[in-house]
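Letter by letter, the sequence shown follows residues -23 to -1, 1 to 153 in mature numbering (1 follows the signal peptide of the UniProt record, and there is no 0). Report on the structure given below.
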Amino acid sequence: MTRQLALLGSAVCLVLSTGAASAVDLPIRKAGLWEMKMVRTGGQIPEVTMQHCTDETTDKDMSTAASPLAKQVCSKQDVQKTATGYVSDSVCGVAGVNVTSHSEITGDFNSAYTVKSTSHSEGGTSGAHDATMIIEAKWLGACKSDQKPGDIIMPGGMKMNIKDMEKLKGLLPKQK
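Below you can see the structure in the form of structure tokens.
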């Protein structure tokens, strides 16, 4: 159960870091099934590979759904276009844990892209620590027949829909 919660937390962070509206909006990904491999160092979460079925409307909805959530938990959320892709800087806090992160996004949103993030966390039971996460995303083709846009299939077959993330806002503690 703890591993599933950690994976869910990673998915939430992924949505906040790549989907929130800011100074520059990220491009919409090509519709279909995307594989996302997340490799994290400096933490206890092992490598995770998940699949995400998306379409244009879902990717746009992720921006509008993540934006209020990011505004609730993040004091800074900035995305800028660069010569090679995008750079994102954020400062977010949930349940007494504050995370400052910097991400570089390269590639295209039609076949493959990479997100390299570094973060510094303070608070909570683990104290202060630094972590690095690399997300390698690649387009696999059409979504499977039993999938609908927004579905995320986690390791072990756990399935959730990103559209349900909006419901999580009510579970987060209010920021001071």
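Cβ atoms here follow ideal geometry from the backbone N, Cα and C, with glycine treated the same way.
Mapping the DSSP letters down to three states, classify residue 168 as helix, strand or coil. Limits of the chain in this structure are -23 at one end and 153 at the other, which puts residue 168 out of reach.
Considering only C-alpha positions, which residue in the set 121, 75, 125 and 59 is nearest to residue 102? 75
Can you tell me whether residue 135 is buried or exposed, with buried defined as 16 or more other CB within 10 angstroms of its CB? exposed
Return the CA-CA distance between residue 65 and residue 123, expressed in angstroms with no decimal places. 34 angstroms
Between 139, 129 and 1, which has its C-alpha nearest residue 57's C-alpha? 1
With a CB to CB cut of under 6 angstroms and the five nearest residues on each side skipped, what residues in its chain are close to residue 32? 8 and 126
On the DSSP bridge list, what partners appear for residue 10? 30 and 118
Contact set for residue 133: own chain, Cβ-Cβ below 7 angstroms, skip 5 residues either direction: none
Element boundaries [beta strand (DSSP E), containing residue 138]: 136 to 138
Between residue 92 and residue 119, what straight-line distance do the alpha-carbon atoms span, to the nearest angstrom? 22 angstroms
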